[in-house]
Every structure is written in structure tokens, then in C-alpha cells.
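Written out below as C-alpha cells is the structure these notes cover.
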Amino acid sequence: MMIHPATVHFAIVLPVVASVFGMAYLINRQELFSKISTILMFFTALAMAGVWYSGSVAGPEIYDFLSEDGQSTLVAHKELGLYLAISMGLVSLLKIIGCKMKKFFLEAISIIALIAIMLVTFIQGNMGGALVYNHGTPFKSFMIMDTLHEAAIVVDEESEDTAKIEVYQEALEDIELIHEEIEIYYGNKAKQE
């Protein structure tokens, strides 16, 4: 079962919350806001790393179910996720150092970088949504269309009606297998050994 869709929302929300506390710290410089934003940035870095990992596990499982455009979007989504996880880790480290050393300049730079990361995270979320709702079609329907198009090409080459019927019967069997595979993948049906 895929946990990426459930965990991804933490990587979207935590930077927003950390940014709010970070901006509050920039405005009034209370130590409490500094500590809260530092803790939230640390958990944001952990969340982004975890979400990137869960996505790198889920990605290969859905890759074959996507159209060509979807596959290229998935690769870009994975790369951007890695960049976000690394940059959030570095920014979090900078914020921790700034908080411990009480260096406002370091903290301010890390908060500004956090806001930039947050904005890129929104782009990343949009890309992930496009994978699910645009390129997924959902996944099953793309594979069904592909199977039927292949069957139609083969049928055009056949001259006998019984051979044409056989091709379509095989296509229907393939579609049933696709359906079962997707149902197992989403956890709606148990995998048969």
C-alpha cells in the first residue's frame, strides 16, 4: 500500500506554519517565535525527506500506468522533491545554528529561504496533483485505452471474423488483468499467491 498520498500533506502544511512563526519572529524578535519556527523547520525537513522517500518508493510502482507525459512529469516531480528535501535540510540546519548562536541574520536568511521553499512546494504539490488527476486518467483507463488500441490494430490486419473475435477476447482478458492489478495495488483486493 502506498503511503505517499497520506504523508505528502505534512510537507505542504509544515512549511506554511513554520513560515508564519518565522515571519512573526522577524517582526517582533521574540525568542519564543524563534524556537517554535526552528522546531517546525526541523520537522519540515524531516517530513520532506520522508515524503521524498515515500514518493521514490511509490513512483516506480505507478510509472508504467502513466502516459508518456505523465512519466516525464513523474521524473520531474521526483527530482524537484529531492531538491526540496535537501534544501530544506540545509535551511533547517542554518536556522538551528542561528537560533543556538542567537544570530538574527542567520535566522532571517533561513526564514526567507523557507518562504522560497514553501512557494516551490506549492508548485511541487500542483505537479503531484497533475500526476493523479490529469496524467493518471486514472491509471486504469489509460492502460485500457492502450490495450484496445493495440487490439484494433491487430484486428485490422486479420481477415477472418473468428480471428478478430479472438483478438478482442484476449484484449478483454488483458483488461481484466489490468483491473485486478490496479485493485491489488490500491489495496481493494488481496494479492493471490
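Taking numbering that gives the first Met the number 0, I'd label the letters of the sequence shown as residues 0 to 192.
A virtual CB, placed ideally from N, CA and C, is assigned to each residue, including glycine.
Please read all numbers here as calculations on a predicted model, not as lab measurements.
(request) Provide the residue span of the alpha helix (DSSP H) that contains N125, from first to last. (result) As a working mapping, residue 125 is identified with position 126 in the sequence shown. First-last of the alpha helix (DSSP H) with N125: 103-129.
(request) Under 7 Å Cβ to Cβ from A129, same chain only, skipping five residues before and after it: list those, please. (result) The sequence position of residue 129 within the sequence shown is 130, counting from 1. Contacts found: T72.
(request) Pick out the complete alpha helix (DSSP H) segments inside the region 66-108, 4 residues or longer, and give them in chain order. (result) 67-100
(message) Could you give the first and the last residue of the continuous alpha helix (DSSP H) run that contains M22?
(response) Reading the sequence shown from its first residue, position 23 is the one you call residue 22. Run containing M22: 3-27, per the alpha helix (DSSP H) assignment.
(message) Using 7 Å as the threshold, is the C-beta distance between A150 and Y132 below it?
(response) Position 151 of the sequence shown, counting from 1, holds the residue named residue 150. Position 133 of the sequence shown, counting from 1, holds the residue named residue 132. Not in contact: A150 and Y132 (Cβ atoms no closer than 7 Å).
(request) Pair every Cβ in the region 31-46 with every Cβ in the region 83-99, then say whether three or more of these pairs are closer than 8 Å. (result) yes
(request) Using beta-carbon positions only, say whether G21 and I108 come within less than 7 Å of one another. (result) As a first step, residue 21 must be located in the sequence shown, where it is residue number 22. As a first step, residue 108 must be located in the sequence shown, where it is residue number 109. No. Outside cutoff.
(message) Tell me the DSSP secondary structure of E175 in three-state form.
(response) Counting from 1 along the sequence shown, the entry for residue 175 is found at position 176. If DSSP states are grouped into helix, strand and coil, E175 belongs with the helices.
(request) Could you say which of K101, A162, L113 lies nearest to S33 if we only look at CA atoms? (result) Taking the sequence shown and counting its residues from 1, the one referred to as residue 33 is at position 34. Nearest of K101, A162, L113 to S33, Cα basis: K101.
(message) For M47, which residues in the same chain have their Cβ closer than 7 Å to its Cβ, ignoring the five residues on either side in sequence?
(response) Locating residue 47 in the sequence shown gives position 48, where the first residue counts as 1. The residues are A10, L83, A84, M87.
(message) Could you check whether A17 and L204 sit closer than 7 Å to each other, using their CB atoms as the reference points?
(response) This structure gives no information on residue 204, because the portion of the chain shown stretches from 0 to 192.
(request) Measure the Cβ-Cβ separation of H3 and A44 and say whether it is below 7 Å. (result) The residue you call residue 3 lines up with position 4 of the sequence shown. The residue you call residue 44 lines up with position 45 of the sequence shown. Their beta carbons are not under 7 Å apart, which means H3 does not touch A44 by this criterion.
(request) Could you say which of A115, E156, D160, S66 lies nearest to D145 if we only look at CA atoms? (result) As a first step, residue 145 is located in the sequence shown; it is residue number 146 there, counting from the start. Cα-wise, what sits closest to D145 is S66.
(request) To the nearest angstrom, report how far apart D63 and T6 are at their CA atoms. (result) Locating residue 63 in the sequence shown gives position 64, counting from the first residue. Locating residue 6 in the sequence shown gives position 7, counting from the first residue. For D63 and T6, the distance between alpha carbons rounds to 23 Å.
(message) Taking 7 Å as the threshold (C-beta atoms), are I174 and I143 in contact?
(response) As a position in the sequence shown, residue 143 is number 144, starting the count at 1. As a position in the sequence shown, residue 174 is number 175, starting the count at 1. Result yes, Cβ atoms of I143 and I174 sit closer than 7 Å.
(message) What does the Cβ neighbour count give for P59, buried or exposed, with the cut at 16 atoms within 10 Å?
(response) Taking the sequence shown and counting its residues from 1, the one referred to as residue 59 is at position 60. So P59 counts as exposed.
(request) Just tell me which of I152, C98, D160, G49 has its CA closest to the CA of K77. (result) Within the sequence shown, numbered from 1, the residue matching residue 77 stands at position 78. Of the candidates I152, C98, D160, G49, the one whose C-alpha sits nearest the C-alpha of K77 is G49.
(request) Compute the distance between the beta-carbons of H134 and G69, then report whether it is under 7 Å. (result) Walking along the sequence shown from the start, residue 134 turns up at place 135. Walking along the sequence shown from the start, residue 69 turns up at place 70. Cβ atoms of H134 and G69: closer than 7 Å.
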